[in-house]
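S.K.: For the sequence shown, this note's numbering gives the first residue as 48, with consecutive numbering after it. Using N, Cα and C, we set each Cβ at its ideal position, and we do this for glycine too. Fair warning: this is a prediction, and the values are worked out from it, not measured in the lab.
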Amino acid sequence: MSDEVYTRLREFLDNMPGGFPATESGVEIKILKKLFTPEQAEIAMQLKPLPEPVSTIAERLGMDGSKAAEKLESMAKEGLIYRARIGEKPHYMAIQFIPGIYEFHLNSIDRELAELFEEYFPHLGVIWATTKTKQLRVVPVGSAIDAVPAVATYNRIRDLVKGQELISVAPCICRKEQGLLDNECKRPHELCFQFGFAAQYYIENGLGRQISIDEAMKLLDLAEESALVLSPTNAQEIMSICCCCGCCCGILRGLKMLPRPADQVQSSFQSRINPDLCNACGTCLERCQIDAIKEGEEVMEVDLARCIGCGLCVPACPEEAITLGEKPNVDTPPADMMEMMMKIAEERGLG
Numbered sequence: 048m049s050d051e052v053y054t055r056l057r058e059f060l061d062n063m064p065g066g067f068p069a070t071e072s073g074v075e076i077k078i079l080k081k082l083f084t085p086e087q088a089e090i091a092m093q094l095k096p097l098p099e100p101v102s103t104i105a106e107r108l109g110m111d112g113s114k115a116a117e118k119l120e121s122m123a124k125e126g127l128i129y130r131a132r133i134g135e136k137p138h139y140m141a142i143q144f145i146p147g148i149y150e151f152h153l154n155s156i157d158r159e160l161a162e163l164f165e166e167y168f169p170h171l172g173v174i175w176a177t178t179k180t181k182q183l184r185v186v187p188v189g190s191a192i193d194a195v196p197a198v199a200t201y202n203r204i205r206d207l208v209k210g211q212e213l214i215s216v217a218p219c220i221c222r223k224e225q226g227l228l229d230n231e232c233k234r235p236h237e238l239c240f241q242f243g244f245a246a247q248y249y250i251e252n253g254l255g256r257q258i259s260i261d262e263a264m265k266l267l268d269l270a271e272e273s274a275l276v277l278s279p280t281n282a283q284e285i286m287s288i289c290c291c292c293g294c295c296c297g298i299l300r301g302l303k304m305l306p307r308p309a310d311q312v313q314s315s316f317q318s319r320i321n322p323d324l325c326n327a328c329g330t331c332l333e334r335c336q337i338d339a340i341k342e343g344e345e346v347m348e349v350d351l352a353r354c355i356g357c358g359l360c361v362p363a364c365p366e367e368a369i370t371l372g373e374k375p376n377v378d379t380p381p382a383d384m385m386e387m388m389m390k391i392a393e394e395r396g397l398g
């Protein structure tokens, strides 16, 4: 089978904000071949990054409307393109690889695909490092922020969730992938949240289940108890929340390898340890997912070059020696996902 259509698809995906860089090994082409048929690749490249009705897409494809509708819906169900219902009618659009195509293969990922993804992730990390604006940010767990005065709504995870009309929860694909690679994670798996149009897509595709605000609050408690980092969409109006562990999350695993992870994470806070209260019990050391806490000569110490402000250490301290402090000169998150994507595209120099 010729690689030509997949090379063009790779270039198409690389021109989206999240990127899809080429590699010397060609692993990205292997991924695309496993996911897309040549016809699906051609159709995907005819879509826009904004939802359009079937009639508009069918005209562009030179295809009968009913045939186009069938093919587009099939691709949406396979997680190759995105479906949004606007006025009850399906609209379709192209989606980037991460977040997007990767996560939408939650139900179909197998060991072969997991191995390919694992090989490719470091190359995607290069894209992450080259932009000031990230697709995800870190907000503190709920109990860590309670004592901090005048915290913006976009930094209060419970306030972000309480304002949602449609919520779904799904298993974490990162933990599922690691399980397929014989690295089973003991933390809870069903802790990946989606909201609004994203929740609708997950529910319709059987990727997640609809939940109430009350259940979402309980699951956030479970995420905090399980020492999971809360990573919502980097916007004031969020579409998702990832609950990440340092052993499975591709982003956290990559960040842990850096000398200064804090420089690559958008967060408004960092932890502070009061040496007069700390008894060096080490509880905080066990909770940290980014290796930002170390044993000092007499007390535990926070490495501010590594701390990403997740707040997991704060409620765990039996001596209440840890608090969150605001980082200086932190930019306000983009208003919504569209503004975030436009910023990333501009920073990558995309036309």
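#1: Pick out whichever of Ser72, Ile320 and Pro96 has its Cα sitting closest to the Cα of Met385.
#2: Do the region 60 to 69 and the region 131 to 150 meet, that is, are 3 or more Cβ pairs less than 8 Å apart?
#3: Strictly by DSSP, which residues pair up with Ile288?
#4: Terminal residues of the continuous beta strand (DSSP E) containing Lys136?
#5: Mind checking which residues open and close the alpha helix (DSSP H) that includes Tyr167?
#6: Starting from the Cα of Pro218, find the closest Cα among Asn154, Met387 and Arg353 and give me that residue.
#7: Do Val349 and Ile355 have their C-beta atoms closer together than 9 Å?
#8: Taking only the alpha-carbon atoms, compute the straight-line gap between Ser102 and Glu86 and give it to the nearest angstrom.
#9: Taking DSSP as the reference, what is the three-state secondary structure of Pro100?
#10: For a quick check, are the C-beta atoms of Leu108 and Ile133 less than 9 Å apart?
#11: Report the CB separation of Leu183 from Thr280 in whole angstroms; it is logged as a contact under 8 Å.
#12: Starting from the C-beta of Leu94, find all residues in its chain whose C-beta is less than 7 Å away, skip the five residues before and the five after it, and write them out in chain order.
#13: Report, in whole angstroms, the separation of the C-beta atoms of Ala282 and Pro381, which I expect to be a contact under 8 Å.
#14: With DSSP as the reference, please indicate the residues paired to Gln317 in a beta bridge.
#15: Between the region 174 to 181 and the region 197 to 214, are three or more C-beta pairs nearer than 8 Å?
M.R.: A quick look at the data gives this:
#1: Pro96
#2: yes
#3: Phe240 and Pro279
#4: Lys136 to Met140
#5: Arg158 to Thr177
#6: Asn154
#7: no
#8: 19 Å
#9: strand
#10: no
#11: 7 Å
#12: Ile104, Ile128, Tyr139, Met140 and Ala141
#13: 5 Å
#14: Gly372
#15: no
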